[in-house]
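A.B. asks: In the numbering used here, the protein residues as written are 131 to 347.
Think of the CB as a built atom: it goes at the ideal place given N, C-alpha and C, for glycine as much as any other residue.
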Amino acid sequence: MTQPLKSNNEPALLPGVRPDGSFEVLEESSLYRGEFVSLSMLSCRFPDDAESSQVKISLPPVVAIVPLLESDGRGGGAKVVLIEQLRPAVGGRMFELPAGHIDEGESPREAALRELEEETGYRAGTMEPLGVRYTIPGMSAQPMHFFLASELEPGEQRLEATEHLDVHELELELLVAELLGRASGEKRIVDNKTHLGLLHAAMLLSDREASGGGGES
């Protein structure tokens with residue numbers, strides 16, 4: 131479940147972005163304002179006095195979750211829970227991480243717990259932050275909060291009427307091999323957030339295994 135986008139609710143710059151006051155926004159003209167997305171045109175002046183217009187998309191903050199199922203101890207590796215979702219804009223179905231908007235009044239962690247159960251039916255005992263990234267910085271300042279979910283327990287899936295998806299449990303090692311071009315056959319992951327989240331989780335788990343460390347609650 132999601133809440134409408136609030137006007138004039140621009141997120142702060144993420145760490146790693148250096149403020150740059152050398153350009154000036156001369157004007158911001160509204161092109162479209164919807165429930166969850168707004169479009170505007172920025173007229174900018176740059177240090178060499180050149181001016182240009184750029185489209186800006188205002189979108190609410192979102193979360194993406196890497197749900198981890200530990201090894202079953204029978205020779206199988208750790209698995210992740212992915213959804214296969216219909217994306218009309220693309221024209222087909224895609225494998226993705228569970229994800230969604232942060233509702234008004236929610237923390238990113240609360241949104242991650244809620245979206246995970248709504249889309250997959252799993253409840254997480256541990257929800258560990260993996261960092262925040264911009265989704266499309268060329269056009270939007272929308273932040274995406276990544277989480278690693280573990281200690282999963284079956285719950286109740288609660289899909290919205292517009293959500294058409296299936297839940298899959300896939301081996302993380304095989305997915306990473308696909309992403310790195312080490313596996314033959316169909317490449318199932320073509321979604322940016324899923325690509326990033328899976329690689330981040332795999333690197334983190336590998337590092338912990340090498341150091342003998344554990345996660346955090």
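Flag this pair as yes or no: are the beta carbons of LEU278 and GLU248 separated by less than 8 Å?
C.D. replies: Mapped onto the sequence shown, residue 278 falls at position 148. Mapped onto the sequence shown, residue 248 falls at position 118. The answer is no: Cβ separation not under 8 Å.
A.B. asks: What does the Cβ neighbour count give for LEU144, buried or exposed, with the cut at 16 atoms within 10 Å?
C.D. replies: Position 14 of the sequence shown, counting from 1, holds the residue named residue 144. Result: exposed.
A.B. asks: Run through DSSP, which three-state label would SER336 get?
C.D. replies: Here residue 336 refers to the residue found at position 206 of the sequence shown. Helix, per DSSP.
A.B. asks: Roughly how many angstroms separate the alpha carbons of LEU328 and LYS186, rounded to a whole number?
C.D. replies: Translated into the one-based positions of the sequence shown, residue 328 becomes position 198. Translated into the one-based positions of the sequence shown, residue 186 becomes position 56. Approximately 29 Å, taken between the alpha carbons.
A.B. asks: Whole-angstrom Cβ separation of LEU282 and LEU199, contact assumed at under 8 Å?
C.D. replies: In the sequence shown, counting from the first residue as 1, residue 282 sits at position 152. In the sequence shown, counting from the first residue as 1, residue 199 sits at position 69. The pair is a contact, with the Cβ atoms about 6 Å apart (cut-off 8 Å).
A.B. asks: Span of the beta strand (DSSP E) holding VAL211?
C.D. replies: In the sequence shown, residue 211 corresponds to position 81, counting from 1. Residues 209-217.
A.B. asks: Would you kindly work out how many angstroms separate the C-alpha atoms of LEU135 and THR265, rounded to a whole number?
C.D. replies: As a working note, residue 135 is residue 5 in the sequence shown. As a working note, residue 265 is residue 135 in the sequence shown. Residue placement at LEU135 cannot be trusted, given a pLDDT of 38 that sits under 50; the coordinates are not used to answer.
A.B. asks: Could you tell me which of HIS330, PRO284 and ASP337 sits nearest to VAL306, measuring between CA atoms?
C.D. replies: Residue numbering aside, residue 306 sits at position 176 when the sequence shown is read from its first letter. The candidate whose alpha carbon is nearest that of VAL306 is HIS330.
A.B. asks: In whole angstroms, give me the CA-to-CA distance for LEU289 and HIS298.
C.D. replies: Sequence index remark: in the sequence shown, residue 289 carries index 159 (1-based). Sequence index remark: in the sequence shown, residue 298 carries index 168 (1-based). Cα to Cα, LEU289 sits roughly 15 Å from HIS298.
A.B. asks: May I ask you to report which of helix, strand or coil DSSP gives SER341?
C.D. replies: Position 211 of the sequence shown, counted from the first residue, corresponds to residue 341. Looking at SER341 - three-state DSSP - the assignment turns out to be helix.
A.B. asks: Taking the Cβ atom as the reference point for each residue, do SER280 and ALA254 lie within a distance shorter than 8 Å?
C.D. replies: Along the sequence shown, read from residue 1 onward, the residue named residue 280 stands at position 150. Along the sequence shown, read from residue 1 onward, the residue named residue 254 stands at position 124. Yes, they are a contact pair.
A.B. asks: Distance check for PRO191 and ARG223, CA to CA, integer angstroms please.
C.D. replies: Here residue 223 refers to the residue found at position 93 when the sequence shown is read from its first residue. Here residue 191 refers to the residue found at position 61 when the sequence shown is read from its first residue. Going by the C-alpha atoms only, they are around 24 Å apart.
A.B. asks: Candidates GLY221, PHE166 and GLY261: which alpha carbon is nearest LYS323's?
C.D. replies: Position 193 of the sequence shown, counted from the first residue, corresponds to residue 323. The option with the nearest alpha carbon to LYS323 is GLY261.
A.B. asks: Just the Cα atoms here: how many angstroms apart are ALA313 and GLY285?
C.D. replies: The sequence position of residue 313 within the sequence shown is 183, counting from 1. The sequence position of residue 285 within the sequence shown is 155, counting from 1. Roughly 33 Å between the two C-alpha positions.
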